[in-house]
Structure formats: structure tokens, C-alpha cells
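Comments concern the structure below.
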Amino acid sequence: MTGYWDIHNHILPGVDDGSGSLQETLELVKNEHDQGIRHIVFTPHYRRGMFEVAQEEKAVVFARVYETLAEQFPDMHFYLGCEYYADPHMMRRIGPDDSYRMPGGDAVLTEFGYEMKFGTLMNVVNALRKEDIIPIMAHIERYQCLLKDMDLLTELKEAGAMLQINCDSVIGKSGFKAKRYCMKALEAGLIDFVASDAHNTGSRNVHMGEAIKTIRSKIGEDAAEKLFRINPERLFAGYEMHRSLS
Ligand SMILES: [Fe+2]
Numbered sequence: 065m066t067g068y069w070d071i072h073n074h075i076l077p078g079v080d081d082g083s084g085s086l087q088e089t090l091e092l093v094k095n096e097h098d099q100g101i102r103h104i105v106f107t108p109h110y111r112r113g114m115f116e117v118a119q120e121e122k123a124v125v126f127a128r129v130y131e132t133l134a135e136q137f138p139d140m141h142f143y144l145g146c147e148y149y150a151d152p153h154m155m156r157r158i159g160p161d162d163s164y165r166m167p168g169g170d171a172v173l174t175e176f177g178y179e180m181k182f183g184t185l186m187n188v189v190n191a192l193r194k195e196d197i198i199p200i201m202a203h204i205e206r207y208q209c210l211l212k213d214m215d216l217l218t219e220l221k222e223a224g225a226m227l228q229i230n231c232d233s234v235i236g237k238s239g240f241k242a243k244r245y246c247m248k249a250l251e252a253g254l255i256d257f258v259a260s261d262a263h264n265t266g267s268r269n270v271h272m273g274e275a276i277k278t279i280r281s282k283i284g285e286d287a288a289e290k291l292f293r294i295n296p297e298r299l300f301a302g303y304e305m306h307r308s309l310s
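Per the numbering used here, the sequence shown starts with residue 65, numbered consecutively.
What follows is the structure in C-alpha cells.
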């Protein structure tokens, strides 16, 4: 298996606040392809009271869009996941229903409230680990409690969490502070995934290529391989659409 992965984005059309049409989806996927990505895990939001499109409905949209994508991008692979916003009912929902999980069912891409306390983050991580689920913490550079103390990232990793940051933060599009924090965490080897979190062809477009280039030159080729290929392959390889349909 070859090619880099984008494991967090809102490119699937009409299911959350991401892409609004098939045309926008095709443009975003083309951008991914142009920037070296060959595997895309679509991760539409699930957030109680805000983004509640049923998982089955997302699967129907995915199956429909997949036909077009497979035809237009024959060297790419597409997968369906979810970005789950942590809430008190999380374990009751995710436990019995693995459609909220990432491909393969071993991990949940988990988003938290930006002001959430560290103790609460840790409780969610522990609850998921207790069920043998790997929490992939989405864009960790956004959570206030983690910005104050980088040692907390080590604590989360020791508890079994995997950590994701957004490429916009790596390339400075989210401000100098976010970039400095991300580069420090990358240098310390604390980050497991860098993803686009792309929402549209405007202000939240795909910037994977620039992030890959930055990481290659500032952190090293091995780090880029680990972040964009080896780690995603380890968790998600083998669970693409055509396999799950057959
Ligand atoms: Fe997201």
C-alpha cells in the first residue's frame, strides 16, 4: 500500500458543515490528490444537538459519492469514519454502534470542547480505553488546557490516546502560537497524525501539501512517513469502501 492519508476532513457532501455539493467534494478530492494524498477517511461531525445526521444516512451518501470518486480518481482509496464530539452519552452510543468509529472499528476520532478541563479529557480517554477503543484526539492544539503544559500530552499518550493536529496549524494559517505549539509537539515526537480538517474550497480548503513539505524539511522524512502513511496504515488499511462492500 502506498500514498499518504488524510484521516480527518469534512469533504463528504451535505452531511455536516463541510462540503455543500458533489461538485465541491470533487474539487476538494482533486486538491487532496494534487497534494499527494491517496487515502481519504471522511469524518463527518456527530455532535449531539448540532450535527445529528444518522450514521446510516451518511453511509448512503458515501456509497453514492463513492461511485463517482472511484471513477474519477482510480488510484485513490476512500473510507468512512466520524468525528465524534464528546458528550456524557458517548459510551452508551459508541459501545454498541461501531458506525461512529473510524474504519476497522478500533478507534474513535474524538473532538472536545475547547475550554474542557484536562480531568474531563482524561476521563473520556479512560472510558474509551476501558472498552478497548483507541481515542484519536482531534486537533489537540485547540484545547486551552493542553496549551499551557506540553507534559499533559505525554500523560494522554501514556493513557492510550493518539494525538492529531491540523495542517493549517502546522503551516501558520491558525496563528503563530498554534504553529509554535505544533512544531514543538512534532519535534518531541508526541503527534500521531496530521490531517486537513478541510471543510470547503474557500477559507477551509485542503493544505496537506504545504504541511507535508514543512514537516519533511523541519522535522524530517521519517516523521512525515510516520504521520501521513505508517500510522494511518496501521489502523485503517484494508477497510476501504470496495472491500467493505464485497
Ligand atoms: Fe473536524
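For every residue, glycine included, the Cβ atom is placed at its ideal position computed from N, Cα and C. Nothing here was measured: the structure is a model prediction, and the numbers come from that model.
In the three-state scheme derived from DSSP, where H, G and I count as helix and E and B as strand, residue 286 is classed as helix.
By the C-beta density criterion, residue 178 is exposed, having fewer than 16 other C-beta atoms within 10 angstroms. One alpha carbon belongs to residue 217, the other to residue 288, and they sit about 20 Å apart. With the criterion CB distance below 5 Å from any heavy atom of ligand 1, the matching residues run 147, 261 along the chain.
Between the segment 251 to 271 and the segment 290 to 300 there are three or more C-beta pairs closer than 8 Å, enough to call the two in contact.
Spatial neighbours of residue 280 in its own chain (CB-CB distance under 6 Å, excluding positions within 5 residues in sequence) are listed in chain order as 288. Secondary structure at residue 110: strand, using DSSP grouped into helix, strand and coil. When C-alpha distances from residue 79 are compared across 271, 118, 96, the shortest belongs to 118. DSSP, read as helix, strand or coil, puts residue 105 in strand. Assignment of alpha helix (DSSP H) within the segment 146 to 229, counting only whole runs of 4 or more residues, yields 154 to 158, 182 to 194, 208 to 211, 215 to 222 in chain order. When beta bridges are read from the DSSP output, residue 130 appears opposite no residue. Comparing alpha-carbon positions, the option among 175, 234, 196 lying closest to residue 246 turns out to be 234. Non-local beta-carbon contacts of residue 137 in its own chain, meaning distances under 7 Å to residues more than five positions away in sequence, involve 93, 97 in chain order. When the five nearest sequence neighbours on each side are left out, the beta carbons in the same chain lying within less than 7 Å of the beta carbon of residue 159 are those of 195, in order along the chain.
Around the beta carbon of residue 145, a 10 Å sphere encloses 16 or more other beta carbons of the protein chains shown; the residue is thus reported as buried.
Approximately 5 Å separates the beta-carbon atoms of residue 189 and residue 223; this is inside 8 Å, confirming the contact. In the DSSP assignment, the residues bridged to residue 144 are 106. Residue 283 and residue 272 have their C-alpha atoms roughly 16 Å apart. Looking at the DSSP output, residue 257 bridges to 228. For residue 236, same chain residues with a beta-carbon under 6 Å away, outside a window of 5 residues either side, are 243 in chain order. Ranked by Cα distance from residue 75, the options 68, 298, 232, 86 are led by 86.
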